[in-house]
Amino acid sequence: MYWLMALFFAAAALLALMVIRALSGPKAPPAGSLDKELLKPFAGAEDKLAALLRIPTVSSFDPAEEDEAVFTRFKAELKTQYPVVHERLLLCEPSDRSLLFEWPGRRRELPPVVLCAHYDVVPAGDIELWEHSPFSGAVIDGFVHGRGAQDIKIMLAAAMSAAEILLSRGFVPERSIYFAFGGDEEVGGLRGAACIAEELKQRGVRASFLLDEGGFVADGLLSFADRPLALIGISEKGYMDVALEAQGTGGHASMPPRHTASGVVAKAVTATEARRFRAKITYTMAGLLKALSRYSPFAYRFLFRNLFLTAPLVKAAFSMTPTTNALLRTTSAATMLSGSQKENVLPQSARAVLNVRLLPGSTVAGVLSELDAIASRAGARAVLAHQGHANDPLPESSVEHEGYKAIVAALAYAFPEAGAVPFMFTAGTDTKHYTQLSQGIYRLAPIFQKNEDITRVHAANERISVDNVRRAVLFYVRLMEGL
28 MYWLMALFFA AAALLALMVI RALSGPKAPP AGSLDKELLK PFAGAEDKLA
78 ALLRIPTVSS FDPAEEDEAV FTRFKAELKT QYPVVHERLL LCEPSDRSLL
128 FEWPGRRREL PPVVLCAHYD VVPAGDIELW EHSPFSGAVI DGFVHGRGAQ
178 DIKIMLAAAM SAAEILLSRG FVPERSIYFA FGGDEEVGGL RGAACIAEEL
228 KQRGVRASFL LDEGGFVADG LLSFADRPLA LIGISEKGYM DVALEAQGTG
278 GHASMPPRHT ASGVVAKAVT ATEARRFRAK ITYTMAGLLK ALSRYSPFAY
328 RFLFRNLFLT APLVKAAFSM TPTTNALLRT TSAATMLSGS QKENVLPQSA
378 RAVLNVRLLP GSTVAGVLSE LDAIASRAGA RAVLAHQGHA NDPLPESSVE
428 HEGYKAIVAA LAYAFPEAGA VPFMFTAGTD TKHYTQLSQG IYRLAPIFQK
478 NEDITRVHAA NERISVDNVR RAVLFYVRLM EGL
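If you use the working numbering, the sequence shown corresponds to residues 28 to 510, in order.
See the structure below:
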């Protein structure tokens, strides 16, 4: 009897503690609103972006499919649109696909900041699906239309516009600022960001922090949040493509063996889909949940602030949708399948490709070994589909770093209605080339994105609002002033 009473009081005490933790954590201040007068000095920034969008800087893994003249023309247009930047800053081109501007600061002893973007874009796809020509740079009905408007010429244009304005005012930053622009991020960054990183390494540069694309100010992405959320990427998943391969005997399909090469590969694919990688709450995920609790109703605060007990529930809930599931675990997705070239011919070999995104804490070698063990049980094998095109997860950067705090402060000024939260970027960026430059690597495009806006990235009808362009400039101005 006494042990039942003790158990009851212990459970009540634990529940009370959890309620107190949910109620007593830091609360977000009321959401603000932007004074649109702050955007007036940046009128015209959208026209500069539009000029850059008119140049079809489409990159390709096959150099023969690229038009080098287009990339040369882009650099010339950049000089036309931002003459003061080109006159006052120090420009270096470490390669034919990279631009590195240096803005010397007052205090050269301070570690510099590196602001990144890329100016190559993916192909436009089916032009018939576009409301406006994909490389028109049309400014219509309050939007700038064109491939690269969201990904990610906006960051380059906004950073350059901010620098142009500040230079015209006679502003000199406290610490040096580097603007690092690559022209081949969409195909790996080896001719762009990798060359910039090597140049900075040769100069002995050790940056305070680095900002590149990644997150954005999400409006409506999480229905339970009481305001838009600026998603600041403090980590990035690793990447590899894994081939599942099997050999067969070939021959006529009218006399098949018990298992064909295609059947074996299909079995291996099914096995990898059935075997989910373990869910894990990383440093990044814990930081996200802690920050989200400031903008969430009580039920969510109760879950997010008591992970010592509620972690299994949080993992189960986040595992239910593809978007949030990717934040918890390594994922693999079968994307390509190949076998026989003719309907009535048995394949001598078959192959499937898995696109794998690795959670921080895992490695290419470890995950590949695990997939190979699964494939082997089905009679296949798992190997890297492309040698040299795989990378481990990138280091997780701290939310206590001065760089993170500087970004949050600039966001509070340009996007006062939004809250800031750390998150894991599940795709890939040029930051993989810069990990030796700084311990503070962050990923954020300072633009509002509604759910319907996100679907336009790498798709038809990519566009960005004029208000978004000007806010992005305001963000960079505030960031540079606060360094």
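The beta carbon of each residue, even a glycine, is placed where N, CA and C say it ideally should be.
- Within the segment 106–181, the runs of alpha helix (DSSP H) at least 4 residues long that lie entirely inside it are, in chain order, 110–115.
- According to the DSSP secondary-structure assignment, glycine 209 is paired through a beta bridge with Ser125, His145.
- Counting C-beta pairs with one atom in each stretch, the segment 170–189 and the segment 130–148 have three or more that are closer than 8 Å, which means they touch.
- Lysine 264 has no beta-bridge partner at all, per DSSP.
- Taking every protein chain shown into account, the CB of tryptophan 130 has 16 or more other CB atoms within 10 angstroms, so this residue is buried.
- Looking at the DSSP output, glutamine 229 shares a beta bridge with no other residue.
- Distance check between glutamine 375 and each of Glu489, Pro324, His286, Gln463 places His286 closest, using alpha-carbon atoms only.
- By the Cβ neighbour-count rule, alanine 326 is exposed, with fewer than 16 other Cβ atoms within 10 Å of its own.
- Assignment of serine 365 by DSSP, reduced to helix, strand and coil, places it in the strand class.
- Contact between the segment 154–172 and the segment 483–494 is present: 3 or more CB-CB pairs across the two stretches fall below 8 Å.
- Judged by pairs of C-beta atoms under 8 Å, the segment 412–430 touches the segment 308–315, as three or more such pairs exist.
- Collapsing the DSSP output to three states places proline 200 in coil.
- For the pair glycine 71 and phenylalanine 236, the CB atoms are not nearer than the 8 Å cut-off.
- Taking the C-beta atoms as reference points, arginine 378 is found nearer than 8 Å to valine 292.
- By a beta-carbon distance limit of 8 Å, glycine 446 contacts alanine 55. Their separation comes to about 6 Å.
- According to DSSP, residue pairing for threonine 358 in a beta bridge involves Arg384.
- One thing to note: leucine 464 has its Cβ no nearer than 8 Å to the Cβ of leucine 137.
- In the structure shown, the three-state DSSP call for histidine 485 is coil.
- Take the alpha-carbon of tyrosine 29 and the one of alanine 38: they are about 14 Å apart.
- If you check the CB distance, alanine 301 and leucine 271 do not come in under 8 Å.
- Using a 10 angstroms sphere on the CB of leucine 156, the tally of other CB atoms stays under 16, which defines it as exposed.
- Contact between glycine 242 and alanine 257 holds, with the beta-carbon distance rounding to 7 Å and staying under 8 Å.
- Per DSSP, the unbroken alpha helix (DSSP H) holding methionine 312 starts and ends at 310–319.
- Going by beta carbons, glutamate 263 and glycine 455 fall inside the 8 Å limit.
- Proline 68 and serine 125 have their C-alpha atoms some 30 Å from each other.
- Residue pairing by DSSP puts proline 449 in a beta bridge opposite Ile259.
- Rounded to whole angstroms, the separation of the alpha carbons of lysine 477 and arginine 218 is 33 Å.
- Alanine 441: member of the alpha helix (DSSP H) spanning 429–441, first to last residue.
- With 16 or more other Cβ atoms from the protein chains shown falling within 10 Å of its own Cβ, proline 473 counts as buried.
- Excluding its 5 nearest sequence neighbours in each direction, valine 504 has C-beta neighbours in its own chain below 6 Å: Ala189, listed in chain order.
- A check of alpha carbon separations from serine 122 across Ala77, Ile154, Pro150, Phe208 identifies Phe208 as the nearest.
- Under a 10 Å Cβ-count criterion, glycine 388 is classified as exposed, with fewer than 16 other Cβ atoms of the shown protein chains found around its own Cβ.
- Among the bridge pairs identified by DSSP, leucine 501 is matched with none.
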